[in-house]
Each structure stands twice: as structure tokens, then as C-alpha cells.
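Position 212, counted from 1, in the sequence shown is what UniProt numbering calls 222; the numbers after and before it change by one each time, with no gaps.
Step one of this worksheet: look at the structure below.
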Amino acid sequence: SNRFDGKVVLITGAASGLGQATALQVAKEGAKLSLVDLNSGALEETKSKIAEAAPNAEVILITANVADEKAVESYVNETVEKFGRIDGFFNNAGIEGKQNPTEDYGIEEFQKVVDINLNGVFYGMKYVLKVMKEQGSGSIVNTASVGGIRGVGNQSGYAASKHGVVGLTRNSGIEYGQYGVSIKAIAPGAIMTPMVEGSLKQMDPDNWEEVGKQFVEPNPMKRFGKPEEVGYLAAFLLSDQANFINATVIPIDGGQSYK
Ligand code: NAD
């Protein structure tokens, strides 16, 4: 039997990268999906990919900004109206922001990155937890980062937001465990998604693949992770099998965090 038969999974940032890979994985395993992203065109592409990989999957698409609290309340309500429940929530949308040393890091940039990566994750938890508490079950997986566990440099907003995501995970995990709801964060290292490709191209537009190779040289496994590898982890963590994993953060980084 499939782990997600009869289950409803809500995913933000579902139009690309880790969100899309996770959507495909849980759809193949039987999930009904509510997919949220700012980019409606790319959301449609995700839907087509799901239709190929899992023709029977029921999918709704919601164009919304996770940094807009009212929009978050609406995407949660819309999901419950359509499917009646939320079993798994992949609270994943995020941006990297421009890289700069702290003194040159723009204040507006800082606020923008924190608004999306931290406030957006908080709003999502706030509304989804209400639903899951009432159900007496559910799993939330928040996307943090290696940059939420240790310093990486030149990423003030990103580091603050991702450390904050780990904090929210631990705080709410100890509150909601008693209702059968578990909350965890994942901390991906360098995974080759459009986000990472974009930041490599920002560093060196003509030679970004070479830069990419140098970039992973310090990684114990000397390669980028693949979005589908994160999809396997996120699917497990969103499933009932991972219910006892709570208030903690799981790295998926080839060993980078502990080097
Ligand atoms: P991506 O850019 O490929 O996908 C992110 C998606 O989120 C995009 O479709 C984008 O449109 C959407 N999004 C951005 N801002 C949004 C907003 N305000 N509201 C709604 N949707 C929004 O990036 P990715 O690599 O898949 O990143 C997903 C998550 O993983 C992010 O939180 C990122 O910080 C985190 N992460 C990625 C890596 C990596 O190496 N790729 C490493 C660590 C953490």
C-alpha cells in the first residue's frame, strides 16, 4: 500500500526545486496535493509533471505569496475546503537573497528575505497547526538550511531567517507533540535546483558550471545533492512513519554541517 493513500499534502514553493521534487514523490505515493507558489506558470508545469508521473493524483494550484499573512490564511482554508484535512505540510518556499558582507548587506534585502523565509514559515505553521491540532494528527516539515545550523558567510538575512526556522520548529514541536502533531526542519546543503543555478550564474555568468565544481570541492561527497534526494527525505518526514521525529532538524548535505 502507498504511504500517502487518502492523505492530503500541502506544499509551498511547489513550482520549482525541492518543493516540486517532493510534490512528485508524494503524488506517486498516493497523496492529494495542494500546491502553493508565487509563480503560477511554473506551478502549471509542476501539475503537468505530476499528471505524467501519477495520473490519478488530485491536485489544486494556488498562486499566493507566503509573506502575505492573509494569503496564507486563504491557502490553508482553500485546501481544507477542497480536501477536508491536511496530513502533511511542506513549509518550504524561500529565497536566498543577494550575497554581501554584513556591512554591505542591504536593510531592505534583509527584511525581504526574513519576510519570506521566516515570517512566511511562521504564518504557515500558525494556520496549519490549528487544523492539525483539531485532527489530532499531522506532520509539518519546514525547510531550513545548512545556513540555519552554522555560519556560511555573506548571507545575513538568509542565516537569520533559517536559524529562525529551526527555532520555530523546536518551539512549536514541544507545544504540539501532545496533539499527535510533529514538526521538523530539514537542513539541505547545496542541492542543484534553479535557486542554486541562479546564484552560481550571479557569481560568474559565463563560467558557472566550473564555479559549481569548485563550490562542492569542500563537500565530503564532492557533489551537489539532487532535488529528488530531498524529495525522498521530505516524503518520509511528512508520512506517519516519521511521527516520532519532532522538534528537530535533519541535515541532508553530504556531511557539510559537521565538517
Ligand atoms: P527554487 O528557487 O528552485 O524554488 C523555490 C520556489 O519558491 C520557487 O518556485 C519560487 O517561485 C517560490 N517562492 C519564492 N518566494 C515565494 C513567496 N514569497 N511565496 C510563494 N512562493 C515563493 O529553490 P529551492 O532550491 O527549491 O529552495 C526551496 C527551499 O529550500 C528554500 O526555502 C531554500 O532556502 C531552501 N534551501 C535550498 C537549498 C539548495 O541548495 N537548493 C539549500 C538549503 C535550503
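A virtual CB, placed ideally from N, CA and C, is assigned to each residue, including glycine.
Subject >> Spatial distance of I105 from Q188 (CA atoms) >> reply: Rounded to the nearest angstrom, the two C-alpha atoms are 32 Å apart.
**OP:** State yes or no: is the C-beta of V124 within less than 8 Å of the C-beta of A170?
**Re:** Yes. Within cutoff.
Subject >> Rounded straight-line distance, which links the Cα of I117 to that of F14 >> reply: If I take the Cα positions, the gap works out to 42 Å.
**OP:** Check A25 in the structure and name its three-state DSSP category.
**Re:** DSSP places A25 in the coil class of the three-state scheme, outside both helix and strand.
Original post:
Considering only residues of the same chain and omitting the five flanking positions on each side of K194, which have a CB-CB separation below 8 Å?
Top reply: Only S149, I150, V151, N152, T179, G183, L247, A252, I255, N256, A257, T258, V259, I260 meet the Cβ criterion.
Original post:
Cβ of A63 within 7 Å of any heavy atom in the ligand FAD?
Top reply: You won't find the ligand FAD in this model; what it holds is the ligand NAD.
Original post:
Under 8 Å between the Cβ atoms of V18 and I96?
Top reply: In this structure, I96 lies closer than 8 Å to V18 by Cβ.
Original post:
Can you find a heavy atom of the ligand NAD that lies under 7 Å from the Cβ of G130?
Top reply: Checking the Cβ of G130 against the ligand NAD gives yes.
Original post:
Going straight from the alpha carbon of E54 to that of Q30, what length do you get?
Top reply: Linking E54 to Q30 through their CA atoms gives a straight-line distance of about 11 Å.
Original post:
Should residue 9 be listed as close to the ligand NAD, given that the test is whether its C-beta is under 7 Å from any heavy atom?
Top reply: Nothing can be reported for residue 9, as the shown portion of the chain is limited to 11 through 269.
Original post:
Given 8 Å as the limit, is there contact between the segment 131 to 143 and the segment 98 to 112, that is, 3 or more CB pairs closer than that?
Top reply: Three or more Cβ pairs closer than 8 Å define a contact, and the segment 131 to 143 meets that threshold against the segment 98 to 112.
Original post:
Cα-Cα, which of S26, S11, A52, Y268 is closest to G161?
Top reply: Among S26, S11, A52, Y268, the Cα nearest to that of G161 is on Y268.
**OP:** Find the nearest neighbour of N127 within the set G23, A81, N66, judged by alpha-carbon distance.
**Re:** With distances taken between Cα atoms, N127 lies closest to G23.
**OP:** Could you tell me if the beta carbon of G23 falls within a distance shorter than 7 Å of some heavy atom in the ligand NAD?
**Re:** Yes; taking the cut-off as 7 Å, the Cβ of G23 has a heavy atom of the ligand NAD nearer than that.
**OP:** Enumerate in chain order the residues of its own chain whose CB-to-CB distance from S249 is below 6 Å, with the five nearest sequence positions on each side excluded.
**Re:** If we look at S249 and ignore the five residues flanking it on each side, its Cβ neighbours are R13.
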